[in-house]
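Colleague:
Number of protein chains: 6
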Amino acid sequence: MFSVTVRDHIMIAHSFRGEVFGPAQRLHGATFVVDATFRRPDLDADGIVVDIGRATDELRAVLGGLTYRNLDEEPDFAGVNTTTEVLARTIADRLADRVHAGAFGDGARALTGITVTLHESHVAWASYERPL
Amino acid sequence: MFSVTVRDHIMIAHSFRGEVFGPAQRLHGATFVVDATFRRPDLDADGIVVDIGRATDELRAVLGGLTYRNLDEEPDFAGVNTTTEVLARTIADRLADRVHAGAFGDGARALTGITVTLHESHVAWASYERPL
Amino acid sequence: MFSVTVRDHIMIAHSFRGEVFGPAQRLHGATFVVDATFRRPDLDADGIVVDIGRATDELRAVLGGLTYRNLDEEPDFAGVNTTTEVLARTIADRLADRVHAGAFGDGARALTGITVTLHESHVAWASYERPL
Amino acid sequence: MFSVTVRDHIMIAHSFRGEVFGPAQRLHGATFVVDATFRRPDLDADGIVVDIGRATDELRAVLGGLTYRNLDEEPDFAGVNTTTEVLARTIADRLADRVHAGAFGDGARALTGITVTLHESHVAWASYERPL
Amino acid sequence: MFSVTVRDHIMIAHSFRGEVFGPAQRLHGATFVVDATFRRPDLDADGIVVDIGRATDELRAVLGGLTYRNLDEEPDFAGVNTTTEVLARTIADRLADRVHAGAFGDGARALTGITVTLHESHVAWASYERPL
Amino acid sequence: MFSVTVRDHIMIAHSFRGEVFGPAQRLHGATFVVDATFRRPDLDADGIVVDIGRATDELRAVLGGLTYRNLDEEPDFAGVNTTTEVLARTIADRLADRVHAGAFGDGARALTGITVTLHESHVAWASYERPL
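Sequence order for the protein chains is F, W, G, V, Z and B. Residue 132 is where the first sequence ends in this note's numbering, and the numbering goes up by one at each step. Residue 1132 is where the second sequence ends in this note's numbering, and the numbering goes up by one at each step. Residue 2132 is where the third sequence ends in this note's numbering, and the numbering goes up by one at each step. Residue 3132 is where the fourth sequence ends in this note's numbering, and the numbering goes up by one at each step. Residue 4132 is where the fifth sequence ends in this note's numbering, and the numbering goes up by one at each step. Residue 5132 is where the sixth sequence ends in this note's numbering, and the numbering goes up by one at each step.
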């Protein structure tokens, strides 16, 4: 199995509802360093999983819809805790939609899976892995 | 599949028995930077795998039983080489015991797996992965 | 010259005033991984710059006054852009106050300088360096 | 499942054929930081997956055949794009050959898998995973 | 003293002349992860050393003139070993020219120094520091 | 000012005397990731501060006298706490001796300073800087 990963980041504000979150129930924020991994069992004719430049551009496009925002006010997340895990799934799903729409090129339709990891600090991160 | 990882570290002395270990047969030591990963297929009602603060506290509690010690003199490791691999398994098993005992909260009983990675330097690390 | 550095982090929300900031004028947030460096020309009788455990505790105490907050609503920052640079200075000054107050121990009064570095992402960070 | 990973690096020149590569069609180069992971379900009698020193030596031996070269002129890669993905597979396959030839010791014949990850920068990396 | 640092990278081919370089006399290549640090004793009216977004853009512009090239064929480096140290100086000098030309904004004319660090691998890097 | 840094590591056991050290008074251990920085105001005729390969070899030679040992039993450290700071100075001084003895080559006699940083974990490190 082959994979390619590209990294970028977002900087957002948010708050959580639920006692388990303790002080994170207050409005605060995070930098999420985002790693997007694309998987497929075989390489394409060019010898790649997906072009790293194109994957970088697509990840940036997806992250552009999230960064520099207060997620508490985004309609997409109404009634949802925007935890690291939830955001990992959101980003993975949006990348999957772009793969299916052909934004990564026709060869990328052979991708079989995506994993998105969000690093919220040097000591904590979360991942979501899904098929394509 | 979702996962959350938290990081902490221990600083221990030990020695190994067996020619394969060369100079590491002498009493020496290591800092192990420890990554504990918790997995489950679905998020709980709060939108998390496990609370990152709670996971951090539980990892610290487990590591508190190992750090600042000479492992050659710990009864738990009598007759055992405390290799990076063995310590990864020990820590994973102790975390699993605490999950089963409810220390991570009732929601954490839905966890399906744990991976523990110990970084012994910037150029070597070992992991142990187990189901829950 | 000797130095010791300890690392911790904060997670905050804020916004900036000024056209130069572009989209960062909106309410957003950041994880700042904070490195606090303590300097002195000679070691104390124990062979240290400052005890790493104590430095870690003091840094955590200072950061406890900042983390999990919306800095736009903190009276200490009224009328001030809480840029990475400004926060580095704030944290350095607060650590300096604690050194002067004896919180790092009497030996630490021989410290001659502090540098605080805030990493706002994997691709950007800022520092403030001051004498003691 | 247990694993051990060791890290080293190569510094090579190469160019790619194919419009998808854009400016990387020109002769350029890369440092690849190489992580080689060895897996097995159980530890050997010494309590290890494979000796880290030996794994480090074997990885260095394999990388010695690649580093400080222009891969465009290497017969092994004639007609092949030496992408990060292709090089990950090449290194994994060469390590597998050495495992099978006994270079990692007899105990290492119980290894069940290898993963090789090549980091081409701080924001992009690729992996190849194979059974043994 | 305040500083801000931004990170980017280049991927180049080159070779060195001189016995001291051993196998690096052959055509090979490198990824250089480039950290550009800007210093000044006081912050501007916005509370910054230089806008991080603008510094990132300017660094990218300078690196655009170097990346995806065989430096052995670049007229700017005729007769010069493009060592990590030499490239650090080149990048620092080109950034300094842009500061002086006003590309970083008028406020940035108060910058007093630049340091450029090039990481050629996980185990080696070089820096060049200069006044402005 | 130019500098070059190379990285390696040691794995040692030791204990500290002094109440300030708390649990670190017990025999324990550490991996120290060691960064050795060499400085000079101008480059040599080859365009380098010091050859990175040679610096790597010399650092390894110095570290070979420390690693895989219990420092409590080393005559060189009798009556001395082998703190991170003390070890940084020891390594810097031993590297300086080798520079003066010509081990880094004649060109390296133009070096003007050395800094050694020891990372004892992902959250703590210490440095010692000295002239040559």
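Backbone N, C-alpha and C define an ideal beta-carbon position, used for all residues, glycine too. Bear in mind that the values here come from a model prediction, so they are computed numbers and not experimental data.
1. Looking only at its own chain, which residues have a Cβ that is under 6 Å from the Cβ of Thr2084 of chain G, when we skip the five neighbours before and after it?
2. Looking at the C-beta of Met3001 of chain V, does it have a partner C-beta in chain Z at a distance below 7 Å?
3. Going by DSSP, what residue range makes up the beta strand (DSSP E) through Val116 of chain F?
4. Considering only residues of the segment 4010-4078 of chain Z, which uninterrupted alpha helix (DSSP H) runs meet the minimum length of 4 residues and lie entirely inside it, listed in chain order?
5. Going by C-alpha to C-alpha distance, which of V:Ala3078, V:Glu3073, V:Asp3072 and V:Ala3036 sits closest to Ala3061 of chain V?
6. Distance check for Ser5015 of chain B and Asp3106 of chain V, CA to CA, integer angstroms please.
7. For Glu5019 of chain B, is the classification buried or exposed, using 16 other Cβ atoms within 10 angstroms of its Cβ as the cut-off for buried?
8. Based on DSSP bridge pairs, tell me the residues matched to Thr4005 of chain Z.
9. Flag His5009 of chain B as yes if its beta-carbon sits less than 7 Å from any beta-carbon of chain W, otherwise no.
10. If you measure beta-carbon to beta-carbon, which residues of the segment 3108-3131 of chain V are closer than 7 Å to chain W?
11. Identify the contact partners of His2070 of chain G in chain Z, using a Cβ-Cβ distance below 8 Å as the criterion.
12. Please report the Cβ distance between Pro4131 of chain Z and Gly4102 of chain Z, rounded to the nearest whole angstrom; I am assuming they are in contact, meaning their Cβ atoms lie under 8 Å.
13. Applying the 10 Å Cβ sphere with the 16-neighbour rule, what's the burial state of Arg4094 of chain Z?
14. Give the interface partners of Pro3023 of chain V over in chain Z, defined as CB-CB distance under 9 Å, in chain order.
15. Compile a chain-ordered list of the residues in the segment 2016-2046 of chain G whose CB is closer than 7 Å to at least one CB of chain C.
16. Is the segment 3018-3032 of chain V touching the segment 4023-4033 of chain Z in the sense that three or more CB pairs, one from each, lie closer than 8 Å?
17. Cβ-heavy atom distance between Glu4073 of chain Z and the ligand NAP below 6 Å?
18. What does a CB cutoff of less than 8 Å around Arg2069 of chain G pick up in its chain, not counting 5 residues either side in sequence?
19. Taking 7 Å as the CB-CB limit, is Thr2005 of chain G close to chain Z?
20. Do you know how far the Cα of Gly2053 of chain G is from the Cα of Val5034 of chain B?
21. Name the DSSP beta bridge partners of Arg5098 of chain B, please?
22. From Pro4023 of chain Z to Phe1032 of chain W, what distance separates their C-alpha atoms?
23. So what does Arg3130 of chain V bridge to, in DSSP terms?
24. In chain B, what lies closer than 7 Å to Ile2091 of chain G by C-beta?
25. How many Å lie between Arg40 of chain F and His100 of chain F at the Cα?
26. Just checking my contact of Ala3124 of chain V with Thr5 of chain F at CB under 8 Å: how many whole Å lie between their CB atoms?
27. What is the C-beta distance between His122 of chain F and Arg2007 of chain G, in whole angstroms, given that I count them as a contact (C-beta under 8 Å)?
28. Taking just the CA atoms, how far does Arg3098 of chain V sit from Val1086 of chain W?
29. Give the residues of chain F in contact with Ile2052 of chain G, contact being defined as C-beta atoms less than 7 Å apart.
30. Strictly under 7 Å for the Cβ-Cβ distance: is Val1062 of chain W near chain V by that measure?
31. Which class does Phe3103 of chain V belong to by DSSP, given the choice of helix, strand or coil?
32. Just to confirm before moving on: does the CB-CB distance between Leu71 of chain F and Thr82 of chain F stay below 7 Å?
33. As a quick exercise: from B:Val5080, B:Glu5058, B:Glu5074 and B:Ala5088, pick the residue whose alpha carbon is nearest that of Met2001 of chain G.
34. Could you check what DSSP says for Val3086 of chain V in three-state terms: helix, strand or coil?
35. Could you tell me the alpha carbon to alpha carbon distance between Ala1078 of chain W and Leu3059 of chain V, rounded to whole angstroms?
36. Beta-carbon within less than 7 Å of Leu5111 of chain B's beta-carbon, same chain only, minus the 5 sequence neighbours each way: which residues are those?
Modeller: According to the data block:
1. Leu2118, Glu2120 and Ala2126
2. no
3. Note, Val116 of chain F: beta strand (DSSP E), Gly113 to Ser121.
4. 4052-4064
5. V:Ala3036
6. Going by the C-alpha atoms only, they are around 38 Å apart.
7. In summary, Glu5019 of chain B is exposed, with fewer than 16 beta-carbon neighbours lying within 10 Å of its beta-carbon over all protein chains present.
8. G:Trp2125 and Z:Thr4037
9. yes
10. none
11. Sequence check: residue 2070 of chain G is Asn here, not His. Contact annotation for Asn2070 of chain G against chain Z: no contact, minimum CB-CB distance about 17 Å [criterion: below 8 Å].
12. Going by Cβ atoms, the distance from Pro4131 of chain Z to Gly4102 of chain Z rounds to 18 Å, so no, they are not a contact pair.
13. Looking at its Cβ environment, which holds 16 or more other Cβ atoms inside 10 Å, Arg4094 of chain Z is buried.
14. Thr4067, Tyr4068 and Arg4069
15. Annotation note: the requested chain C is absent from the structure, which comprises protein chains F, W, G, V, Z and B.
16. yes
17. Judged by which ligands are present, the structure shown has none, so any question about the ligand NAP falls away.
18. Ile2012 and Ala2013
19. No, because no Cβ of chain Z sits closer than 7 Å to the Cβ of Thr2005 of chain G.
20. 21 Å
21. Partner(s): none; Arg5098 of chain B has no beta bridge.
22. The alpha-carbon atoms of Pro4023 of chain Z and Phe1032 of chain W are separated by roughly 35 Å.
23. Looking at the DSSP output, Arg3130 of chain V bridges to V:Ile3114.
24. The premise fails here: Ile2091 of chain G is roughly 16 Å from chain B at the closest Cβ pair, so nothing lies under 7 Å.
25. So the alpha carbons of these two residues sit roughly 14 Å apart.
26. 7 Å
27. Sure, about 7 Å apart at Cβ, within 8 Å.
28. 25 Å
29. Ordered by position in chain F, no residue passes the 7 Å Cβ test against Ile2052 of chain G, which lies about 17 Å from the chain.
30. no
31. According to the sequence displayed, residue 3103 of chain V carries Ala and not Phe. Correct three-state label for Ala3103 of chain V: coil.
32. yes
33. Nearest C-alpha to Met2001 of chain G: B:Ala5088.
34. helix
35. 33 Å
36. If we look at Leu5111 of chain B and ignore the five residues flanking it on each side, its Cβ neighbours are Phe5038, Arg5039, Arg5040, Val5050, Val5099 and Leu5132.
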